[in-house]
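Working notes for the structure below.
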Amino acid sequence: MTPRPRRALPAMLAAAASLLGAIAVASPAAADEADCADASLAQGGYSIFELQQRFVPEPLRGTGWDCATRIADRPFEDGRYDISYTLLWAGIGAGDAIGILERFADAGWLDGTEMISATASDGRTENDRMAASSLRGWDPPPSQIITRFSDARDGENIIEFDFEDGLVGAVDPGLEAPTLEIAVYLRAPVDATGASDPSVLSSLRTIAQALPSSTQLAFLGGSAVFLMLVVGFPGYLFNKVLEKHWSGFARWLHLRRRRRVSKPPRPGSAAEAAFAADAAAGAPARRAPSWLVWPGFVAAAIISGFVDPAFGPNPMSVRLLVTALISFVLLNVVGWLLVIGVLRRIQPDARPRITFRWGSLVVVALTVLVARLLDFQPGVVFGLVAGLTFAITLAASRDALVILLGSGAALAMAGLAWIGFSALAPVADAVPGSVLLRGVVELCSGVVVEGISTLPLALLPLLALDGAVLFAWRKWVWAVAYAVGAAAFVLVMFTIPEAWGEIGGGFGRWLLLFVGLAALAVGAWAVDVVIERRRKAAGPAPAGG
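Note that the sequence shown covers residues -31 to -1, 1 to 514 in mature numbering (1 follows the signal peptide of the UniProt record, and there is no 0).
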């Protein structure tokens, strides 16, 4: 992943144009329907949808509902309770259901005087004003809990709470008991911008939630190979077009610079002597100051912050900006220092140095834009914004080794961060007011998202991107590397379907995006071939006239 600034930028711009064009084939993301497919609220006039964080009351954030449904033809916008939907939890226990009620009490929604109807399997029944915490003393625990309340602080917004474990009744005959159903009626989006409020990064799935079944594992392997094939040959064709036209542009730019630089300075000036010395000895290439990586990381963090729709002048955004900056530093500086340690052993004269790749900011902005347009959660952020420069020109095998080591380090760091996120996310959800816990959890999530999102993009076989170097060196090495990166991305980011007929949601959007990229790449190559053939058929222009 060595920087090649003169050639990398056009590749990034070409990838940007291709991705933006491919977005046209992908529609907004939808929630996965597997957990609620048989529920009555997922059929008929209802539809499952992807619920944005700004429509979730604070006590419900991070509670892990299985799906959100709403009436399909009802407006979903600001107004008099026009924001209405239902959340479903399948397989939830009484203790966890009571815990959600207690979260409303802790947030000030409940004051202990609300009417709660509760029934246990031994016949005990109460229908009275009580505190949610009093239900924990029941033995056996309640089999049914029903209540309806509004926010005690202002009387706005309404919650309808219905828990059934199947022994007394059932919330929905189509769902496996025990089940919790919460209907939410809001007048306007709720504030989700406090310092301890979760951002979109908190929606990353834990390892337990993402762990695939044997069928899903086979599907994961097949989809990774499919993505590799869809990207490989079309990318090779598109790369030929880019290289041909970039070479001509580079020659023109080089000649233009030579004419400007070779203009002699004023006779007798100090610049004349310096110019003569440089012309005789050859002026060394200028190296960017090492401190420039830090403004670059700040710029990348600011751009990546827009992956959350609520990013702006608020406390949540400040915390998100800090965690994004730290995650960029960890992924790039720590990752490349590990690679440098290996290179110093096998090629001491390389003298590698970390530099910021300013052209990568285009890719960061592009990935954030795609994530917002297609509603990918927890978002897609290109993470490896720094690279290595060397004192010597590396052999192709060494260059490929640097790329493989860099990609491997990013993947390893993302895996470790995912373990940390999976361990800490439930703790942060249990303590919703902790800024420190939420910050640490989203720091882990940021490293995961940035590291995993980088692989299928940096390894594209376009011009001077890392994937083109691997593709030119050993095509089978590129194929293995890309398949591994694609598989890791799909596993972490999306719910893997059990069969091709169940493809939908974010995973379906991603497949369509890459199929669209392949179609655009082949189309660009075909247009270039047609233009070239017509130019040759026309022959050289006649001399004279």
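The C-beta atom is built at its ideal place from N, Cα and C for all residues, glycine as well. The structure displayed is predicted, hence computed values, not measured ones.
Beta-bridge pairing of residue i - partner residues as DSSP gives them
| i | result |
| --- | --- |
| Trp447 | Partner(s): none; Trp447 has no beta bridge. |
| Leu56 | Ala37 and Ile151 |
| Ala89 | Pro111 |
| Ile17 | Thr38 |
| Phe118 | Ile128 |
| Ala355 | Phe325 |
| Met84 | Arg98 |
Continuous alpha helix (DSSP H) stretch holding residue i: start and end
| i | result |
| --- | --- |
| Trp387 | Ala365 to Ala399 |
| Arg326 | No alpha helix (DSSP H) holds Arg326; DSSP gives it neither H nor E. |
| Glu411 | Val404 to Ala427 |
| Arg72 | Ala63 to Asp75 |
| Phe297 | Pro284 to Val298 |
| Leu434 | Looking at the DSSP string, Leu434 is not in any alpha helix (DSSP H), and its letter there is neither H nor E. |
| Ala270 | Val262 to Gly274 |
| Arg313 | Gly304 to Ile315 |
From the options, residue whose alpha carbon lies closest to that of residue i
| i | options | result |
| --- | --- | --- |
| Pro26 | Phe351, Leu155 and Ala146 | Leu155 |
| Leu144 | Ser9, Leu343 and Ala293 | Ser9 |
| Phe132 | Pro111, Gln185, Ser171 and Glu411 | Pro111 |
| Met99 | Ser90, Ile67 and Ile127 | Ile67 |
| Ile372 | Gly138, Leu180, Arg288 and Asp435 | Asp435 |
| Val438 | Leu70, Tyr205 and Phe24 | Tyr205 |
| Ala59 | Asp91, Ile40, Arg117 and Glu150 | Glu150 |
| Leu261 | Gly304, Ala355, Leu300 and Asp318 | Ala355 |
| Val159 | Ile114, Val311, Leu136 and Pro28 | Pro28 |
| Thr162 | Trp494, Leu290, Leu370 and Leu353 | Leu290 |
| Leu300 | Ile323, Thr184 and Gly281 | Ile323 |
| Phe463 | Val276, Gly348 and Met285 | Gly348 |
| Leu370 | Arg313, Val418 and Phe195 | Arg313 |
| Leu104 | Gly64, Arg23 and Ala146 | Gly64 |
| Met382 | Ala397, Val400, Leu424 and Arg341 | Leu424 |
| Ala270 | Ala457, Leu385, Leu353 and Gly31 | Leu353 |
| Asp120 | Leu70, Gln113, Ala87 and Ser90 | Leu70 |
| Val137 | Ile128, Pro109, Val461 and Ser53 | Pro109 |
| Arg288 | Phe351, Val169, Val303 and Trp263 | Val169 |
| Trp263 | Leu294, Pro395 and Ala456 | Leu294 |
| Pro395 | Pro203, Cys5, Gly31 and Pro282 | Gly31 |
| Asp318 | Ile309, Val446 and Val337 | Ile309 |
| Ile85 | Gly92, Pro181, Val199 and Phe118 | Phe118 |
| Ala386 | Asp141, Leu374 and Gly420 | Gly420 |
Residue i burial status per 10 Å Cβ neighbour count (16 or more: buried)
| i | result |
| --- | --- |
| Glu83 | buried |
| Phe130 | buried |
| Thr94 | exposed |
| Gln178 | exposed |
| Asn96 | exposed |
| Arg502 | exposed |
| Arg72 | buried |
| Thr55 | buried |
| Ser296 | buried |
| Thr148 | buried |
| Ile61 | buried |
| Glu125 | exposed |
| residue 576 | Outside the shown range of the chain (-31 to 514) lies residue 576, about which nothing can therefore be said. |
| Val496 | exposed |
| Ser(-5) | Because Ser(-5) carries a pLDDT of 36, less than 50, the predicted location of this residue cannot be relied on, and no value is offered for it. |
| Val400 | exposed |
| Gly77 | exposed |
| Arg407 | buried |
| Asp368 | buried |
| Phe188 | buried |
| Thr292 | buried |
| Leu405 | exposed |
| Ala279 | buried |
| Gly415 | buried |
Residue i - containing beta strand (DSSP E), residue span
| i | result |
| --- | --- |
| Thr94 | Thr94 to Arg98 |
Exercise for the section: Go through the segment 129 to 203 residue by residue and report every complete run of the beta strand (DSSP E) that reaches 3 residues or more, in order. Expected result: If we require 3 residues or more, the beta strand (DSSP E) runs fully inside the segment 129 to 203 come out as 148 to 155.
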